[in-house]
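Visitor: Have a look at the structure that comes next, please.
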DNA sequence: CTGAAAGCGCTTACAG
DNA sequence: CTGAAAGCGCTTACAG
């Protein structure tokens with residue numbers, strides 16, 4: 041029963057139409073819509089039937105205007121976007137969050153804030169209440185946006201621990217150090233002793249923790265640390281390639297390398313190939329993420345699986361809880377070694 | 041001058057606060073907000089100053105409630121999502137659209153509708169007016185969603201020509217046939233004669249047109265058609281690998297292969313490598329897209345560049361025009377051959 | 001050019 | 001359990 045006005049354009053049915061159709065007041069319809077408390081079964085049923093007949097869908101703008109909630113969530117990506125978009129992990133995360141939210145019938149707004157200007161604009165938009173909460177993905181975790189949003193009282197959960205904000209901001213992260221430990225232990229168990237590493241950016245917890253895990257295991261195995269075996273990257277493929285070239289140059293006898301992301305590992309493989317090194321015979325290569333990139337290369341990458349599905353689900357769960365009034369919380373998820381052909 | 045109520049929570053300033061601060065009526069503030077027509081320069085200035093002082097940001101819910109517009113756009117992805125998320129092209133498109141829209145200060149809602157159920161739910165949501173228009177990305181272009189949205193009068197622009205809807209639905213697409221022609225001509229010019237092809241899905245215009253271009257050029261070059269040299273894929277990496285294995289099996293003398301997407305070409309390269317064929321010495325490989333996948337492999341892929349930045353910009357432009365009342369329009373953009381190491 | 005007023009579609013105390 | 005009424009923050013004819 042879609043309404044049609046003079047112009048021929050459809051006018052969607054309102055709560056008023058439903059009330060008339062059901063023979064009750066608009067208040068009663070609204071009560072049914074909002075959980076059915078204090079409504080008689082008879083009224084309940086009449087309203088539901090009327091909703092079905094009219095094809096009524098709530099007008100969220102009207103609802104939001106009065107409740108002060110927007111019933112939508114922002115997915116905010118700050119800093120270098122190219123890097124994230126290049127990274128298959130990003131996709132998995134974005135998809136996971138969208139789906140988890142769809143389960144609650146909550147639309148997700150995608151927000152990109154690559155420049156200072158955009159960041160200002162979007163922070164304003166968010167603090168004006170246009171979303172109820174924010175899922176934050178940012179590379180440099182010293183990011184001021186997190187702090188600004190927190191100050192403004194916007195519910196927020198970050199992917200990965202935001203540096204400097206302690207536990208004031210919720211976050212969900214994989215156990216980076218433990219994952220790194222597993223990989224390096226695996227490399228050691230293969231008999232490798234000259235194990236290099238290409239790290240992630242060292243101003244991020246992921247970068248720092250994975251390096252720490254690497255160092256710990258070497259020390260435990262009684263293998264002497266050698267700084268020439270450590271190069272630092274920024275998670276991009278190109279930086280992986282550059283890092284491997286550096287390592288090869290400084291330590292030609294390297295027999296294994298732990299790379300802090302699968303994407304960088306792609307670059308490492310390319311560099312190794314150019315240098316005529318066989319993988320895994322001459323150099324074993326271990327990645328991190330278990331992203332689609334891991335199986336897109338030859339040989340397929342042994343790697344540390346980050347539980348992205350769980351990460352996105354937990355991010356959504358924690359955010360919704362916080363919107364509901366809970367205090368911030370941190371969630372650390374375990375990783376898993378996935379053995380393939382590169383080790 | 042953010043308001044604070046008894047509870048200590050911030051109450052954002054409203055148009056009322058701005059009016060009081062500027063010493064004008066709320067109507068005048070609204071007029072300034074909406075283009076400044078019929079407002080004296082003095083009032084204009086007073087209002088702008090008041091907005092600055094109060095940090096006022098319009099409440100979009102209130103505005104949408106009365107205008108009937110949502111001032112937001114949906115980016116709708118139907119059908120197999122994994123495929124899109126796996127495909128780097130998707131990223132470029134999504135990012136391009138988000139940015140083009142941000143330029144107009146219009147938020148983008150990401151909508152995934154992989155199942156029949158979700159499609160129903162989202163169609164409802166959209167037709168209820170929660171977005172002003174839809175950017176549609178769908179693989180099987182016989183997709184009923186496009187037809188449903190069109191019938192409901194929702195402004196819509198598809199990425200790629202939707203089959204069966206003629207020019208009733210706006211779309212933006214690269215010139216698939218011409219791009220394919222350029223690649224095959226290139227292969228022929230290299231002296232290759234046993235040129236295979238791995239096609240895209242043949243129920244999509246891209247799949248059909250690229251195959252048509254391939255056949256045309258072979259005919260023009262006087263090379264006899266050989267069905268054993270054609271395998272069909274679905275744009276996924278895996279289908280590229282399977283396709284190449286098939287071709288190798290049926291036509292061992294194949295000396296070149298045109299692959300309808302870079303991602304499938306990754307698979308082709310892997311299959312060729314396994315079979316011990318050198319690229320490009322034994323088999324030249326040409327891709328399509330010029331996605332990040334093209335340079336992520338060794339050897340780097342010769343390919344046909346799809347102008348994704350322009351495609352996303354045009355999609356947004358056409359959609360906004362249509363929301364403004366324009367009729368649907370189709371935009372076809374030229375492609376370009378990018379020569380790298382695989383040919 | 002400007003103000004006063006109506007109204008967009010909802011939710012939520014407030015009485016009953 | 002239910003209806004009548006107020007009000008969320010804005011825009012837009014309508015008079016002036």
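Protein chains in written order, with the numbering used here: chain A, 41 to 383; chain B, 41 to 383. Glycine included, every Cβ here is placed at the ideal spot set by N, Cα and C.
What are the boundary residues of the beta strand (DSSP E) that includes residue 96 (chain A)?
Guide: Walking along the first chain from the start, residue 96 (chain A) turns up at place 56. Taken as a continuous stretch (DSSP letters only), residue 96 (chain A) belongs to no beta strand (DSSP E), as it is neither H nor E.
Visitor: State the start and end residues of the unbroken alpha helix (DSSP H) segment that holds residue 363 (chain B).
Guide: Numbered from 1 along the second chain, position 323 holds the residue referred to as residue 363 (chain B). Note, residue 363 (chain B): alpha helix (DSSP H), 348-363.
Visitor: Would residue 382 (chain B) pass as an interface residue toward chain A - the criterion being a Cβ-Cβ separation below 7 Å?
Guide: Residue numbering aside, residue 382 (chain B) sits at position 342 when the second chain is read from its first letter. With 7 Å as the cut-off, residue 382 (chain B) does not count as an interface residue toward chain A.
Visitor: May I have the straight-line CA-CA distance separating residue 293 (chain B) from residue 268 (chain B), to the nearest angstrom?
Guide: Indexing the second chain from 1 puts residue 293 (chain B) at position 253. Indexing the second chain from 1 puts residue 268 (chain B) at position 228. Going from the Cα of residue 293 (chain B) to the Cα of residue 268 (chain B) covers about 11 Å.
Visitor: Using a Cβ-Cβ distance under 7 Å, would residue 190 (chain A) count as near chain B?
Guide: The residue given as residue 190 (chain A) occupies position 150 in the first chain. Output row for residue 190 (chain A): interface = no.
Visitor: For residue 290 (chain B), collect the residues of the same chain with a Cβ closer than 7 Å to its Cβ; drop the 5 residues on either side in sequence, then sort them by chain order.
Guide: Here residue 290 (chain B) refers to the residue found at position 250 of the second chain. Within its own chain, the residues whose Cβ lies closer than 7 Å to the Cβ of residue 290 (chain B), once the five positions on either side in sequence are excluded, are 268, listed in chain order.
Visitor: Please compile the residues from chain A whose C-beta is within a distance smaller than 7 Å of the C-beta of residue 74 (chain B).
Guide: What you label residue 74 (chain B) is simply residue 34 of the second chain in a count that begins at 1. What residue 74 (chain B) touches in chain A: nothing, since even the nearest Cβ is about 17 Å away.
Visitor: Closest to residue 381 (chain B) by C-alpha separation, out of B:369, B:343, B:284, would be which residue?
Guide: Stepping through the second chain from its first residue, residue 381 (chain B) is reached at position 341. It is B:343.
Visitor: Pick out whichever of B:207, B:164, B:199 has its Cα sitting closest to the Cα of residue 188 (chain B).
Guide: Within the second chain, numbered from 1, the residue matching residue 188 (chain B) stands at position 148. Among B:207, B:164, B:199, the Cα nearest to that of residue 188 (chain B) is on B:164.
Visitor: Short check: CB of residue 329 (chain B) to CB of residue 302 (chain B), under 7 Å?
Guide: To locate residue 329 (chain B), count along the second chain from 1; it is residue 289. To locate residue 302 (chain B), count along the second chain from 1; it is residue 262. At the C-beta level, residue 329 (chain B) and residue 302 (chain B) come within 7 Å of one another.
Visitor: Around the C-beta of residue 131 (chain A), are 16 or more other C-beta atoms found within 10 angstroms, so that it is buried, or is it exposed?
Guide: On the first chain, residue 131 (chain A) is found 91 positions in, with the first residue counted as 1. When all chains shown are included, residue 131 (chain A) counts as buried.
Visitor: Which whole-angstrom value is the C-beta distance of residue 281 (chain B) and residue 307 (chain B), which I expect to be below 8 Å?
Guide: Translated into positions along the second chain, residue 281 (chain B) becomes position 241. Translated into positions along the second chain, residue 307 (chain B) becomes position 267. Confirmed, Cβ separation roughly 3 Å.
Visitor: Taking the beta carbon of residue 106 (chain B) as the centre, do at least 16 other beta carbons fall within 10 Å, making it buried, or is it exposed?
Guide: Translated into positions along the second chain, residue 106 (chain B) becomes position 66. Flag for residue 106 (chain B) reads exposed.
Visitor: Which residue's Cα is closest to the Cα of residue 264 (chain B): B:271, B:235, B:246, B:277?
Guide: Residue numbering aside, residue 264 (chain B) sits at position 224 when the second chain is read from its first letter. The option with the nearest alpha carbon to residue 264 (chain B) is B:235.
Visitor: Give the C-beta separation of residue 175 (chain A) and residue 113 (chain A) to the nearest angstrom, bearing in mind that I take them to be a contact with Cβ-Cβ under 8 Å.
Guide: What you label residue 175 (chain A) is simply residue 135 of the first chain in a count that begins at 1. What you label residue 113 (chain A) is simply residue 73 of the first chain in a count that begins at 1. About 6 Å; that satisfies the 8 Å criterion.
Visitor: Check the Cβ-Cβ distances between residue 164 (chain A) and every residue of chain B, and say whether any is below 7 Å.
Guide: The residue labelled residue 164 (chain A) in the question sits at position 124 within the first chain. Output row for residue 164 (chain A): interface = yes.
Visitor: So, does the CB of residue 149 (chain B) fall closer than 7 Å to a CB anywhere in chain A?
Guide: Taking the first residue of the second chain as 1, we reach residue 149 (chain B) at position 109. Answer yes: the Cβ-Cβ gap between residue 149 (chain B) and chain A drops below 7 Å somewhere.
Visitor: State yes or no: is the beta carbon of residue 97 (chain B) nearer than 7 Å to at least one beta carbon in chain A?
Guide: For the purposes of this step, residue 97 (chain B) is taken as residue 57 along the second chain, with counting starting at 1. Taking Cβ atoms only, chain A reaches closer than 7 Å to residue 97 (chain B), which makes this a yes.
Visitor: Residue 372 (chain B) by DSSP, collapsed to three states: which one?
Guide: Taking the second chain and counting its residues from 1, the one referred to as residue 372 (chain B) is at position 332. DSSP places residue 372 (chain B) in strand when its eight states are reduced to three.
Visitor: What are the residues that DSSP puts in a beta bridge with residue 237 (chain A)?
Guide: For the purposes of this step, residue 237 (chain A) is taken as residue 197 along the first chain, with counting starting at 1. Residue 237 (chain A) is bridged to A:270, A:298.
Visitor: For residue 275 (chain B), which of helix, strand or coil comes out of DSSP?
Guide: Within the second chain, residue 275 (chain B) is the residue found at index 235, counting from 1. In this structure, residue 275 (chain B) counts as coil in the three-state DSSP scheme.
Visitor: Residues bridged to residue 115 (chain A) by DSSP?
Guide: As a first step, residue 115 (chain A) is located in the first chain; it is residue number 75 there, counting from the start. Answer is A:150, A:175, bridged to residue 115 (chain A).
Visitor: How long is the line joining the alpha carbons of residue 266 (chain A) and residue 237 (chain A), rounded to whole angstroms?
Guide: If you number the first chain from 1, residue 266 (chain A) lands on position 226. If you number the first chain from 1, residue 237 (chain A) lands on position 197. Residue 266 (chain A) and residue 237 (chain A): Cα-Cα distance of roughly 10 Å.
Visitor: Keeping to the same chain, check which residues put their C-beta closer than 6 Å to that of residue 376 (chain B); ignore five residues upstream and five downstream.
Guide: As a position in the second chain, residue 376 (chain B) is number 336, starting the count at 1. 345.
Visitor: How about residue 298 (chain B) and residue 224 (chain B): do their beta carbons lie closer than 7 Å?
Guide: By 1-based counting over the second chain, the position of residue 298 (chain B) is 258. By 1-based counting over the second chain, the position of residue 224 (chain B) is 184. Cβ atoms of residue 298 (chain B) and residue 224 (chain B): closer than 7 Å.
Visitor: Note down, one range per segment and in chain order, each alpha helix (DSSP H) of at least 4 residues found wholly within the region 190-261 of chain B.
Guide: Listed in chain order, the complete alpha helix (DSSP H) runs (minimum 4 residues) inside the region 190-261 of chain B are 216-229, 245-260.
Visitor: Output needed for residue 288 (chain A): all residues of its chain with C-beta closer than 6 Å, excluding positions within five of it in sequence on either side, in chain order.
Guide: Position 248 of the first chain, counted from the first residue, corresponds to residue 288 (chain A). So the qualifying residues of the chain are 315.
Visitor: Going by CA-CA distance only, name the one from A:341, A:357, A:347, A:54 that's closest to residue 95 (chain A).
Guide: The sequence position of residue 95 (chain A) within the first chain is 55, counting from 1. Closest by C-alpha distance to residue 95 (chain A), out of A:341, A:357, A:347, A:54, is A:54.
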